[in-house]
Amino acid sequence: MDIRTYQQQHVAWDQFLAQSRNGAFFFKRGYMDYHADRFQDASLWIEKEGQVLAMLPASRDGDTIVSHGGLSFGGLVMSARLGAADVKALFEQLRDYWAAMGIKKLIYKPIPHIYHSMPSEEDLYALFRLGARTMRVDVSTTIMQESRLRLSKGRKHALSKAAKAGVTIRKSDDYASCWQILTDNLQARHGTSPTHSLQEISLLASRCPEISLYMAYLHEQPIAGVVMFDFGRVAHTQYIAPSPVAREVGAVDLLLETLISEVYADKPYFNFGISTCHNGLSFNEGLCAQKEMFGGRTTTLQWLEMDCV
58 MDIRTYQQQH
68 VAWDQFLAQS
78 RNGAFFFKRG
88 YMDYHADRFQ
98 DASLWIEKEG
108 QVLAMLPASR
118 DGDTIVSHGG
128 LSFGGLVMSA
138 RLGAADVKAL
148 FEQLRDYWAA
158 MGIKKLIYKP
168 IPHIYHSMPS
178 EEDLYALFRL
188 GARTMRVDVS
198 TTIMQESRLR
208 LSKGRKHALS
218 KAAKAGVTIR
228 KSDDYASCWQ
238 ILTDNLQARH
248 GTSPTHSLQE
258 ISLLASRCPE
268 ISLYMAYLHE
278 QPIAGVVMFD
288 FGRVAHTQYI
298 APSPVAREVG
308 AVDLLLETLI
318 SEVYADKPYF
328 NFGISTCHNG
338 LSFNEGLCAQ
348 KEMFGGRTTT
358 LQWLEMDCV
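Counting with the working numbering, you get residues 58 to 366 for the letters of the sequence shown.
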């Protein structure tokens, strides 16, 4: 197989991504390239006889390749033509390719199985055979729609409270109001800011129709927002922004339940994101429990480390 560096072939890149068996929309170049100034792109094409068989969204940090430094997960994006033996041989070839470039280490964040349109874990076996080590595991709460657990009594009470208060839910383009709520909330509770600035999320939403904003209103005033990423098989809550008023009247519960049971009911999975930090070693059990009360259980995001020398 021939390994080639990505050279601004964004149309062909996105076309292969759309046909792959495990790609995610935020591997589109319009999404990845928005932070090209912060992450040195090291993405690769894998071809055989002129046909693209796989792509690797990746960035370089000194003598380390990361798949991808600016994304929650990365990993080898594959066509259905690749089998386990092919992928094993490819990673052996990649290791030698990177070693010849002076790369000492690969940090690999495999695409979680819920995002696959067909089984696509050949990379995990290949990396195991090459001595890769697990360096991080994050807990992510996911609802499998066809076997969703019942809502907890606390969630049902909050939904009733929101309905009685007259909270309404609708899709919105008012990212400014959402980001004000989100920023105030993160500063007050954690002393942090959103990963994306208002300008960045607005840009990404303009480029990617898979990104949507839904807001909760009380007396026509926005009191909470959720930014959704639609990955095809998975609906993912990228940001949840509750105001103090929203917490009092159960607006976030109603907003999330509307998204789960109505807006994205046709998706096999609804994912809330992680409840861990500090490389997976700090577990926010309370936050995880709140997500589980909507009827979900754990999927994981992994980081693997492989030596290239």
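Even for Gly, the Cβ is constructed at its ideal location relative to N, Cα and C. Remember, predicted model here, so these are calculated numbers, not experimental data.
From the options, residue whose alpha carbon lies closest to that of residue i
i: L239; options: S77, K161, L270 and V224; result: L270
i: V366; options: Q108, P167, A308 and A157; result: A157
i: D71; options: P301, M350 and C265; result: C265
i: L361; options: K210, F185, S77 and S204; result: F185
i: E106; options: D59, Y232 and D231; result: D59
i: A99; options: A115, V109, Y154 and L181; result: A115
i: H67; options: M112, Q97, N79 and F96; result: M112
i: D364; options: D153, G223, T315 and F340; result: D153
i: R138; options: E319, L128 and V109; result: V109
i: S129; options: V320, I168, Q244 and I103; result: I168
i: K228; options: Q97, Y321 and V306; result: Y321
i: L275; options: C235, A219 and E267; result: A219
i: H92; options: H214, L260, D143 and T315; result: L260
i: R246; options: P299, L208 and A215; result: P299
i: M350; options: Q202, L206 and C235; result: L206
i: R86; options: D94, I268 and Q65; result: Q65
i: R290; options: Q202, E149 and E104; result: Q202
Residue i CB to nearest heavy atom of the ligand FAD below 6 Å
i: R304; result: By its list of ligands, the structure shown contains no ligand whatsoever, and the ligand FAD lies outside what it can speak to.
Backbone CA spacing between residue i and residue j [nearest angstrom]
i: Y88; j: L312; result: 26 Å
i: R190; j: T225; result: 48 Å
i: H293; j: A308; result: 19 Å
i: L338; j: L358; result: 13 Å
i: I297; j: G282; result: 6 Å
i: F82; j: M135; result: 14 Å
i: G188; j: L147; result: 15 Å
i: A273; j: P251; result: 19 Å
i: S204; j: R354; result: 11 Å
i: T62; j: T315; result: 43 Å
i: R193; j: H335; result: 9 Å
i: Q97; j: G127; result: 10 Å
i: W236; j: D143; result: 45 Å
i: D90; j: H214; result: 44 Å
i: V306; j: A346; result: 20 Å
i: D323; j: R212; result: 22 Å
i: E342; j: K348; result: 10 Å
i: G80; j: W102; result: 14 Å
Whole-Å CB distance - residue i paired with residue j, under 8 Å assumed
i: D231; j: P279; result: 6 Å
i: F286; j: Q295; result: 5 Å
i: L133; j: D180; result: 5 Å
i: I171; j: Y326; result: 5 Å
i: T198; j: S332; result: 7 Å
i: D310; j: L216; result: 5 Å
i: V196; j: F329; result: Actually they are not in contact, since the Cβ atoms of V196 and F329 sit about 10 Å apart, beyond 8 Å.
i: S234; j: R78; result: With a Cβ gap of about 39 Å, S234 and R78 do not count as contacting.
Chain B within 7 Å of residue i, Cβ atoms only
i: W360; result: Chain labels in this structure do not include chain B; a single protein chain is all it has.
For a minimum of 3 consecutive residues, which ranges assigned as the beta strand (DSSP E) are wholly contained in the region 229–313? 268–275, 278–287 and 291–299
(Q) Runs of 4 residues minimum, wholly inside the region 115–170: which ones carry the alpha helix (DSSP H) assignment? (A) 141–157
- Between the region 72–82 and the region 247–257, are three or more C-beta pairs nearer than 8 Å? No contact exists between the region 72–82 and the region 247–257.
- prompt: Are at least three pairs of beta-carbons, each pair with one atom in the region 117–126 and one in the region 151–165, less than 8 Å apart?
  reply: yes
Where are the alpha helix (DSSP H) runs, 4 residues long or more, that stay fully inside the region 171–240, in chain order? 179–186 and 210–222
| request: Let me know the alpha helix (DSSP H) ranges lying completely inside the region 318–361, each 4 residues or longer, listed in chain order. | output: 342–349
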